[in-house]
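Numbering (my numbering), first residue to last: 79 to 399. Glycine included, C-beta positions come from ideal geometry on N, C-alpha and C. Working notes, structure below.
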Amino acid sequence: MPLTHTRDLFAKALKGKYAIGAFNVNNMELLQAIVEACEEEKAPVILQISKGARQYANPVYLKKLIEAAISVTNIPIAVHLDHGDSFELCKQCIDEGFTSVMIDGSHLPFEKNVELTKRVVDYAHKHNCVVEGELGQLVGAQHDDGEEGGGYSKGGVYTHPDEAVEFVRLTGVDSLAVAIGNSHGAYKFKGEQHLDIERLKAIKKALVDAGLGDYPLVLHGASSVPRDVVAEINKYGGNLGSDTAGVPEADIEIARRTGCTKVNIDTDLRLAMTAAIRRVFAENPKEFDPRKYLGPARQKVKELVRHKVKNVLCCAGHAFD
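And the structure:
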């Protein structure tokens, strides 16, 4: 099956009230684990490649690995640039055949973010590629809890519903990554922190009320940082501490039902891979064959991905909708 566009995947996901897993790829084992898990669960998938992954693995190697994955499976696969930081990088990926790119201008003032995003959109749409933008900044604490009476402050770092509408209209972007308390890494929250689901609902409603329809939203930094995996890493020599905390899977389920059609997962894959490798080295300190520790690592990532697409994102069984 040829590469799929996220536009097609999102339309089906919105109708079916499920989300598409966007999993980051850095090497062969991660790619195999993700694709095999999704094939077995009959789930569509988005393979994400970051700027750092391109620098680490070489774009040519990654492209050939993905071509190999496409040749051995028939599930829908989209290839997406994660957190593109410049027009030039987005253009390069579009020219290489990516079906989706993200331009991240969230660190810029609103007007500059609009300008950069629109430039990428204009080029991408001419080359049959879709674009994800971002508005707001990911954080792990509630920097912007809203005003009295249910309003929202424009001085915070979270996505403002009205600005989301303006941003989509001005840029023509195909999907929007929102900041609602999500963050990157393994130390997302302290205590019993949760996503700002009410803000997510407000953003979604504002887009609908503005005539933009059932607009696809994206949840970045959505790893749940499983405590059992963290404990396994620490048991076998790691030192992640006890204050690691991710986005509760129950929150992700609500976000999915509310209209987050793409959910990014990277940290959880890294943790699963690291836990399996550490266990092999701890139990077999004389082991030096990469196949003997990368094999179990691949299997653990695969199990995690199967759990996510089946029990959290609920996209299992929807590959051929």
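Endpoints, the beta strand (DSSP E) within which residue i is located
{"i": "E210", "result": "V208 to L213"}
{"i": "S149", "result": "Per DSSP, S149 belongs to no beta strand (DSSP E); it is in the alpha helix (DSSP H), P137 to S149."}
{"i": "V123", "result": "V123 to S128"}
Residue nearest to residue i in terms of C-alpha spacing, selected from the options
{"i": "A100", "options": "M106, L92, V387 and V208", "result": "V387"}
{"i": "E212", "options": "K340, E365, P363 and V358", "result": "K340"}
{"i": "L87", "options": "G259, H158, P137 and S128", "result": "H158"}
{"i": "V235", "options": "D252, I258 and V246", "result": "I258"}
{"i": "L285", "options": "L254, I311 and I275", "result": "L254"}
{"i": "A280", "options": "E241, V251 and R356", "result": "E241"}
{"i": "G162", "options": "I172, L273 and V390", "result": "I172"}
{"i": "E189", "options": "A397, G214 and T177", "result": "G214"}
{"i": "Y96", "options": "T195, D274, R247 and L295", "result": "L295"}
{"i": "S184", "options": "T151, F176, T195 and T177", "result": "T195"}
{"i": "P239", "options": "H205, L278, I98 and R247", "result": "L278"}
{"i": "C392", "options": "A131, K90, E166 and K378", "result": "K90"}
{"i": "R132", "options": "K380, F176 and R369", "result": "F176"}
{"i": "N432", "options": "A397, V192 and S178", "result": "The question about residue 432 has no answer here: the residues shown for the chain are numbered 79 through 399."}
{"i": "A360", "options": "N136, F245, E310 and N342", "result": "E310"}
{"i": "R247", "options": "Y139, A121 and A288", "result": "A288"}
{"i": "V199", "options": "I155, A115 and T249", "result": "T249"}
N-terminal and C-terminal residue of the alpha helix (DSSP H) that residue i is part of
{"i": "G99", "result": "Here G99 belongs to no alpha helix (DSSP H); instead the beta strand (DSSP E) covers I98 to N102."}
{"i": "A255", "result": "Unbroken run through A255 is the beta strand (DSSP E), S253 to V256; no alpha helix (DSSP H)."}
{"i": "V243", "result": "P239 to T249"}
{"i": "V308", "result": "R305 to K313"}
{"i": "V358", "result": "T345 to E361"}
{"i": "V286", "result": "I275 to D287"}
Length of the line joining the Cα atoms of residue i and residue j
{"i": "L108", "j": "R335", "result": "28 Å"}
{"i": "L125", "j": "T82", "result": "11 Å"}
{"i": "K93", "j": "N102", "result": "25 Å"}
{"i": "E210", "j": "Q170", "result": "16 Å"}
{"i": "S128", "j": "E174", "result": "14 Å"}
{"i": "A111", "j": "L372", "result": "11 Å"}
{"i": "V390", "j": "E327", "result": "6 Å"}
{"i": "L349", "j": "M180", "result": "24 Å"}
{"i": "M106", "j": "D344", "result": "15 Å"}
{"i": "C305", "j": "N317", "result": "In the sequence on display, residue 305 carries Arg and not Cys. Near 13 Å, if we compare the C-alpha coordinates of N317 and R305."}
{"i": "V358", "j": "N312", "result": "14 Å"}
{"i": "T84", "j": "M351", "result": "27 Å"}
{"i": "V113", "j": "A147", "result": "7 Å"}
{"i": "I153", "j": "K378", "result": "21 Å"}
{"i": "G168", "j": "N191", "result": "Correcting the residue identity first, residue 168 is Cys in this sequence and not Gly. Computed Cα separation, rounded: 15 Å."}
Simplified DSSP state of residue i, which is helix, strand or coil
{"i": "D160", "result": "strand"}
{"i": "K340", "result": "strand"}
{"i": "L297", "result": "strand"}
{"i": "V383", "result": "helix"}
{"i": "I153", "result": "coil"}
{"i": "V199", "result": "helix"}
{"i": "V390", "result": "helix"}
{"i": "F179", "result": "Checking the sequence shown, residue 179 turns out to be Val, not Phe. Strand."}
{"i": "F88", "result": "helix"}
{"i": "V325", "result": "coil"}
{"i": "F188", "result": "helix"}
{"i": "K204", "result": "helix"}
{"i": "E225", "result": "The predicted model places E225 with a pLDDT of 46, which falls under 50 and marks its position as unreliable, so this point remains unresolved."}
Contact test: residue i Cβ vs the ligand GDP heavy atom, cutoff 6 Å
{"i": "E210", "result": "The ligand GDP is not among the ligands present in this structure, which contains no ligands whatsoever."}
Short CB-CB distance (under 7 Å) between residue i and chain B
{"i": "K378", "result": "As a matter of chain content, chain B is missing from the structure shown, which is built from one protein chain."}
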